[in-house]
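Presented below is the structure to which this report refers.
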Amino acid sequence: MNAVQVKAEKRTDVGGKSSKAIRREGKIPCVIYGGGKNEYFTVTPNEVKEVIYTPDFKVVEIDVDGDVSKCIVKDLQMHPVTDEILHIDFLRLIDNAKIKVNLPIAFKGVSPGVKGGGRLIQTMRTIKVKAYPRDLTDVLYVSIEGLKLGDTVRVKDVELTEGLEVLDQLAQPVAKVAVPRALKSVTPAGEDDDEDEDEDGEGEEGGTGDSAES
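The working numbering numbers the first residue of the sequence shown as 6 and each following residue consecutively.
Structure below.
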């Protein structure tokens, strides 16, 4: 997994007043937790845009005046109106300590149900796993190669890399091939009744996917 490099400046003053002054300078107050110490620093919005404005899972190498820490985003605070980044909490990765993270899901293969006119409805965007930092991966794949009209893939069908422990329910649906109304008219009565609620919308689970727990 490739890490995003971030340059930062050490911060000596903490507290609300100091944070407001930092934001007026166009910078973002941040903190790294973990490893027995907290480290306070500032970054520019441009330094973290590749980490924040993406659905992908990212590991970040933060260089605070020459002291480099490998981290992930733990929490993010944004202004409710302007979407300005107000504060970022990072979690330091420790080699021998497992962490809980949400890894994004991607699909591979071609579904015969989609080729036949169905629509792939994704109901989970990420899967929660527990792992050592060395075992983390950018994305988890699930094959839709055999999905026919009305079929579903579940958490248990996701391809896991070595060292990952899934924390979500294995029977939880990840995606399904919905049967469109045009095809339902030629489908035997009652065969795909459970597709109705998914016909017109796409479900989504959870929030940012970049959050993590230690």
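Glycine included, every Cβ here is placed at the ideal spot set by N, Cα and C. Values in this document were obtained by computation on a predicted structure and should not be read as measured data.
Who are N107's beta bridge partners in DSSP?
Position 102 of the sequence shown, counted from the start, is the residue given in the question as residue 107. Paired residues: K133.
Taking the continuous alpha helix (DSSP H) assigned at R29, which residues delimit it?
Taking the first residue of the sequence shown as 1, we reach residue 29 at position 24. Where R29 is concerned, the enclosing alpha helix (DSSP H) stretches over G21 to R29.
Collapsed DSSP secondary structure at V144 in the structure displayed
Within the sequence shown, numbered from 1, the residue matching residue 144 stands at position 139. The answer is coil: DSSP assigns V144 none of H, G, I, E or B.
Is it true that the stretch 94-101 meets the stretch 32-47, where meeting means three or more beta-carbon pairs spaced less than 8 Å apart?
Below 8 Å, enough C-beta pairs join the stretch 94-101 and the stretch 32-47 to call them touching: three or more.
Identify which residue in G151, A176, D88 and D143 has its Cα closest to the Cα of N7.
Translated into positions along the sequence shown, residue 7 becomes position 2. Among G151, A176, D88 and D143, the Cα nearest to that of N7 belongs to D143.
Roughly how far, in whole angstroms, is the beta-carbon of A180 from the beta-carbon of L125, given that I think they are within contact range, below 8 Å?
Walking along the sequence shown from the start, residue 180 turns up at place 175. Walking along the sequence shown from the start, residue 125 turns up at place 120. About 6 Å; that satisfies the 8 Å criterion.
Closest to V171 by C-alpha separation, out of R28, I110 and T17, would be which residue?
Start at 1 with the first residue of the sequence shown, and residue 171 comes out as number 166. Measuring C-alpha to C-alpha distances from V171 to each of R28, I110 and T17 identifies I110 as the nearest.
Give the DSSP-derived three-state secondary structure of P85 in the structure shown.
Working through the sequence shown from its first residue, we reach residue 85 at position 80. Coil, per DSSP.
Buried versus exposed, by CB contacts within 10 Å (16 or more), P138:
Your numbering for residue 138 matches position 133 in the sequence shown. Taking all protein chains in view, the Cβ of P138 is crowded by 16 or more other Cβ atoms within 10 Å, so the residue is classified as buried.
For S24 and G71, I'd like the C-alpha separation in whole angstroms.
The count along the sequence shown starts at 1 and reaches residue 24 at position 19. The count along the sequence shown starts at 1 and reaches residue 71 at position 66. Computed Cα separation, rounded: 23 Å.
If you draw a straight line from the C-alpha of A176 to the C-alpha of D162, how long is it?
Translated into positions along the sequence shown, residue 176 becomes position 171. Translated into positions along the sequence shown, residue 162 becomes position 157. The straight-line gap from Cα to Cα measures roughly 9 Å.
Measuring CB to CB, does F62 end up less than 9 Å from L98?
Position 57 of the sequence shown, counting from 1, holds the residue named residue 62. Position 93 of the sequence shown, counting from 1, holds the residue named residue 98. Contact: no.
Between K113 and S148, which are expected to be in contact by the criterion C-beta below 8 Å, what is the C-beta distance as a whole number of angstroms?
Looking up residue 113 in the sequence shown gives position 108. Looking up residue 148 in the sequence shown gives position 143. Yes, K113 and S148 are in contact; Cβ-Cβ is about 6 Å, under 8 Å.
According to DSSP, simplified to helix, strand and coil, what is V160?
Sequence index remark: in the sequence shown, residue 160 carries index 155 (1-based). It is helical.
Of the listed residues K22, I90, E30 and L165, nearest to K135 (C-alpha basis):
By 1-based counting over the sequence shown, the position of residue 135 is 130. The shortest C-alpha separation from K135 is found at L165.
With C-beta atoms as the reference, is G123 less than 9 Å away from G151?
In the sequence shown, residue 123 corresponds to position 118, counting from 1. In the sequence shown, residue 151 corresponds to position 146, counting from 1. No, the Cβ-Cβ distance between G123 and G151 is not below 9 Å.
Classify I37 as helix, strand or coil using the three-state DSSP reduction.
Your numbering for residue 37 matches position 32 in the sequence shown. Three-state DSSP puts I37 in a strand.
Selected residue, minimal CA-CA separation from Y45, among R28, E30 and T17
Mapped onto the sequence shown, residue 45 falls at position 40. Minimum Cα distance to Y45 is reached at T17.
Cutting at 7 Å between CB atoms, please list the residues of its own chain near M83, excluding the five before and the five after it.
Residue 83 sits at position 78 when you count from the first residue of the sequence shown. Cβ neighbours of M83 beyond the five flanking positions: E89, I90 and L91.
Residue range of the unbroken alpha helix (DSSP H) whose run includes K54
Indexing the sequence shown from 1 puts residue 54 at position 49. Taken as a continuous stretch (DSSP letters only), the alpha helix (DSSP H) holding K54 covers P50 to I57.
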